[in-house]
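Chains as they are written, first to last, in the working numbering: chain W, 16 to 572; chain L, 208 to 695.
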């Protein structure tokens, strides 16, 4: 689709010529390879559409001007900061991409434990700045190289630390938002007095429409600044690190303890979660390294913790008697990190932890008690800076199953889910054979505990069509299994209704056909009304889920 | 009489009240705001009837004002602001629909009170996080939906904890669940059969529907059940108290204690507020003469898992932290054992006269959100305004409560007065009006904008007001839900 010269010139006027481009060498780079982004709707061997232009705004005012311009010319727009997944990319040929990289400031209010973040302030930066002041932030499972603001305003935002620090929605305080019609709203105390400490109200919270279980995936305008709740960090102002890449180890974090728990069965696993929630002892709690797969996870950790080892050593390591025996004990496992805010506190947490393990018949993994391995785990989970590991095995992965929610419902089904994946690993070369169970995720998907957030990593070759198709077919089968079991939407299909396999937006008619059968369709009908009120020109794509209300569908109005 | 006939047909004769005395009683309240006697009082007994009622109100253009609590009405939010309104009394919908120990979840109807709920929860060693000594007839659901601060902010990862999911009939007559419960069938029993306990309050998609009924004074819809997160009841507990000559002396300790997350309950009271809480056992005037100007109360607890170890660690650490700020954290002060104060703040007030009214017969409050470091500013403002108007500053009660893990602080001034004295009433009315403006000017945030605070607060931010209006247009297009509230 051709772009109006006037439109482009107006963009230049807003951000300056060096901050806008329609050069195909640039715009082509803003197409998402959906097989490689954990897009949760494929994977497909497609790319998202090429934007008409890429714009790099430097301020809220520039964002506002851009959106006003888009409304005038009826051009769609989508903003993204760290571009983790397909939802950050446009879904139409008549759209521009906003890259928020120039807006990257972080400010910390130490006393009140608040950080204000611009879009390109990544989790790693926010946590480093916070730790200097005895504070820390929830880094979502997406990892520390991703935007804190995007996790808070755009998507889910829970991770290993959520049991202690809550999830992005819970930590989101104030927000500055440029609405799809170009008006700016500042929530709570920010709009009232320029203060960042509360985003609720006054009265019923308008914030309700910007951030639910997920954020709005960039469909309700552009969030330009947020404040988040920070949490206490009892460790040093920075984490001393030793080792050689990639084998980095946290040094001297005496107030932090990391363990891997080995369970006799899934019932014990679930019961321990309940006790972890009630005892309030975890700083971080995640089933992490099982993401590589039940059969290979310990061998993989051996490779990551020994710089001289390579992936070609994997088969030999898997046959190593000690690794094999330790790995066997960790069939059902979880990583737990505790932080002590005093010696007494740490002592209590250790004792409570031991008591929980005693009650459920679990034990600490001997392998993970090795000092280097414990220090590796501490650094890995505290920083969550190794998202590249997700891709190391086969170049790409997609999360499926998504056995989130009630751990007492999900845990008893884990072996059945693992067997289903194992079947595909054994019968299709496109799905990496790692032992079936490659479940990973948060012990808590909500602050203080209560729900889980898991996914099975499906490792596949994102550059091989057969592997992509095998993985997609596998996820299709698991989605059907999830439906049959009444477990809700498969994680690998969460965005199946947001973007078509060819990378383009769905139409309203298509959305209507999806959502009219919802058990409570009002949830989608109200979102239709919210969109009409705040995004009258429909300029932000189809990640926003809407159902035309009955009275309009039947042609009554 | 068409209206009455419609209501009687819908709800049954016994559930439609137009007795003048009863109508008068429903209009009585503490606020100075414009209010009207209701036209009728109706008592629906099910969510289906509530839905039917709201649809009827849309057809007939009848204002509806929901009320769930009984007893004294403190803020006027459940009293009609417009003529010919129907009060929807939900206090009779008082069933505890479900208790789940495994997930510590409970589902309650609007009329369930704290005593009723905690008696039920105690059977499974649980308790609901409470607010500061509510009246006995206080609806737990209303208290939580209206974001009345909890004594324990450490279990509030979310601003509205312990509130989770709700069933709401919006102003347009659409009834639906919210949060996790919205993703399944509109049938709680069917959800429970699948072990779905209404834990997850968000979404379930991109919209947090439940947030639209919070702090709304019933202006968006009528909530007919709410799921709440309960806590494990302490097996060992001590409320420690430290005293101080001034508010500023407590600031460092409270910040540090919040940082560690060691406390269970944590709150600040001035001596008048403390004495008022203890009025059942002491003479307020005598007690306030011996009490320190300020106290901070901090709870330490041990629960089911190694309770002694936790309790001892928390107690000793809190005492050490207090000491590092020059405070002596003790099990009690000047005739006030911590256990007595704990009993008072965590129990409901069953007396005929509410404890805040006990001193002079009535009271007015000004409350808002701020940050701890700014509370001193507001305290000075309150004293200055009181002095200017000749109100005795020694009778100002002050309560400061951290919320949401300490992200914000509820600050509340209480002004007792004699309602039988026209001069005292006029003075306190002027005081509340002047202080409300002063608070707003200093950056105090009326997150729950009752009465005149709506105009003061909403006029500060045109865009938020416009957003709110747009949302009201969606969920209550005919403005039948408690019209006149949240009005500018």
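We put the beta carbon where it would ideally sit given N, CA and C, even for glycine. These numbers come from a predicted model, not from an experiment.
Whose C-alpha, out of the options, is nearest the C-alpha of residue i?
| i | options | result |
| --- | --- | --- |
| residue 374 of chain W | W/312, W/285 and W/557 | W/285 |
| residue 220 of chain W | W/303, W/370 and W/187 | W/187 |
| residue 321 of chain W | W/370, W/304 and W/387 | W/387 |
| residue 431 of chain W | W/397, W/471 and W/48 | W/471 |
| residue 95 of chain W | W/87, W/59, W/136 and W/151 | W/136 |
| residue 444 of chain L | L/545, L/468 and L/478 | L/545 |
| residue 338 of chain L | L/494, L/355 and L/326 | L/355 |
| residue 233 of chain W | W/169, W/414, W/442 and W/474 | W/169 |
| residue 192 of chain W | W/171, W/230, W/157 and W/238 | W/238 |
| residue 310 of chain W | W/467, W/287, W/341 and W/301 | W/341 |
| residue 359 of chain W | L/695, L/517 and L/639 | L/517 |
| residue 530 of chain L | L/457, L/252 and L/572 | L/457 |
| residue 464 of chain W | W/397, W/301, W/271 and W/413 | W/301 |
| residue 421 of chain W | W/189, W/449, W/466 and W/536 | W/466 |
| residue 147 of chain W | W/227, W/47, W/163 and W/125 | W/125 |
| residue 295 of chain W | W/454, W/518, W/257 and W/178 | W/178 |
| residue 484 of chain L | L/389, L/364, L/245 and L/553 | L/553 |
Among residues of its own chain, excluding the 5 on either side of residue i, which ones have a beta-carbon nearer than 8 Å to its beta-carbon?
| i | result |
| --- | --- |
| residue 52 of chain W | 99, 100 and 101 |
| residue 316 of chain L | 297, 300, 301, 302, 303, 304, 348, 431 and 432 |
| residue 319 of chain L | 301, 302, 303, 346, 347 and 348 |
| residue 666 of chain L | 672 and 695 |
| residue 649 of chain L | 581, 584, 585 and 588 |
| residue 290 of chain W | 371, 374 and 375 |
| residue 129 of chain W | 123, 188, 211, 212, 242, 243, 244 and 245 |
Please classify residue i: is it buried, with 16 or more other beta-carbons within 10 angstroms of its beta-carbon, or exposed?
| i | result |
| --- | --- |
| residue 521 of chain L | buried |
| residue 233 of chain L | buried |
| residue 441 of chain L | buried |
| residue 600 of chain L | exposed |
| residue 385 of chain W | exposed |
| residue 111 of chain W | buried |
| residue 360 of chain L | buried |
| residue 592 of chain W | For residue 592 of chain W there is no data in the structure shown, the boundaries of chain W being 16 and 572. |
| residue 80 of chain W | buried |
| residue 629 of chain L | exposed |
| residue 647 of chain L | buried |
| residue 166 of chain W | buried |
| residue 453 of chain L | exposed |
| residue 602 of chain L | buried |
Tell me the DSSP bridge mates of residue i?
| i | result |
| --- | --- |
| residue 624 of chain L | L/569 |
| residue 382 of chain L | L/376 |
| residue 544 of chain L | L/539 |
| residue 300 of chain W | W/351 |
| residue 307 of chain L | L/312 |
What residues in its chain sit with their C-beta under 6 Å from that of residue i, if we drop five residues either side in the sequence?
| i | result |
| --- | --- |
| residue 390 of chain W | 264 and 265 |
| residue 307 of chain L | 404 |
| residue 433 of chain W | 451 and 452 |
| residue 276 of chain L | 344, 345, 346 and 349 |
| residue 497 of chain W | 505 |
Which same chain residues, not among the five before or five after residue i, have their C-beta less than 7 Å away from its C-beta?
| i | result |
| --- | --- |
| residue 545 of chain W | 224 |
| residue 140 of chain W | 121 |
| residue 283 of chain W | 375, 376 and 377 |
| residue 464 of chain L | 470, 473, 505, 525 and 528 |
| residue 543 of chain W | 561, 562, 563 and 564 |
| residue 406 of chain L | 310, 312, 371 and 387 |
| residue 531 of chain W | 562 |
| residue 446 of chain W | 439, 440, 473, 475, 485, 486 and 489 |
For the ligand ATP, any of its heavy atoms closer than 6 Å to the Cβ of residue i?
| i | result |
| --- | --- |
| residue 464 of chain W | Here there are no bound small molecules, and the ligand ATP is not part of this structure. |
- Within the stretch 582 to 627 of chain L, ranges of the alpha helix (DSSP H) (whole runs, at least 4 residues): 582 to 595
- Item | Start-end ranges of the alpha helix (DSSP H) lying completely within the stretch 387 to 421 of chain L, minimum 4 residues | 395 to 400
- Ordered list of beta strand (DSSP E) runs contained in the stretch 71 to 135 of chain W, each at least 3 residues: 91 to 95, 110 to 114, 121 to 124 and 129 to 132
- Task: Mind listing, in chain order, the continuous beta strand (DSSP E) runs of no fewer than 3 residues lying wholly within the stretch 438 to 526 of chain W?
- Result: 454 to 457 and 468 to 475
- Considering only residues of the stretch 392 to 433 of chain W, which uninterrupted alpha helix (DSSP H) runs meet the minimum length of 4 residues and lie entirely inside it, listed in chain order? 404 to 407 and 422 to 425
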